[in-house]
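Read the structure below first, then the notes.
Written out as structure tokens, the structure is:
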């Protein structure tokens with residue numbers, strides 16, 4: 001049987017501060033002082049205004065489960081060992097939403113609005129840390 005590598009994110013100059021913070025088990029996202037708004041995904045200018053004042057700031061990473069689905073069939077051969085997979089969107093307390101995976105939980109435990117907390121998964125062979133979430137019990 002062929003072993004498949006899971007796809008891993010690619011760090012770019014724009015996203016490097018996000019990935020570098022995850023490697024330290026911290027979460028940093030951008031903030032625009034001129035719009036008083038948090039910004040995620042990483043970009044070079046603020047949405048809507050195109051202001052060039054984006055700053056990287058640390059957040060707690062805590063939030064609420066905004067949406068989720070239970071993937072009972074793998075999205076590809078490299079995820080065959082991961083089903084059921086709990087795919088989710090977390091709304092950070094600071095406002096932006098983040099696509100992720102819920103871990104350390106059973107599907108029946110999940111409820112929209114439930115509090116969640118970050119879990120950092122290190123992949124040293126790929127020099128990357130992925131951000132996942134678990135229920136805040």
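Residue numbers (our numbering): 1 to 137.
Virtual Cβ for every residue (Gly too), placed ideally from N, Cα, C.
Residue i - DSSP class collapsed to helix/strand/coil
{"i": "residue 7", "result": "coil"}
{"i": "residue 101", "result": "strand"}
{"i": "residue 21", "result": "helix"}
{"i": "residue 122", "result": "strand"}
{"i": "residue 80", "result": "helix"}
Option in the options with minimal Cα separation from residue i
{"i": "residue 136", "options": "12, 110, 121", "result": "110"}
{"i": "residue 95", "options": "59, 84, 70, 101", "result": "59"}
{"i": "residue 132", "options": "22, 119, 114", "result": "119"}
{"i": "residue 65", "options": "121, 114, 10", "result": "114"}
{"i": "residue 121", "options": "49, 26, 39, 14", "result": "26"}
Sheet register partners of residue i (DSSP bridge)
{"i": "residue 68", "result": "88"}
Nearest-angstrom beta carbon gap, residue j and residue i [assumed within contact, 8 Å]
{"i": "residue 16", "j": "residue 129", "result": "With 8 Å as the limit, residue 16 and residue 129 do not qualify as a contact, their Cβ atoms being about 13 Å apart."}
{"i": "residue 97", "j": "residue 57", "result": "Contact doesn't hold; Cβ gap of about 17 Å is too wide."}
{"i": "residue 116", "j": "residue 63", "result": "6 Å"}
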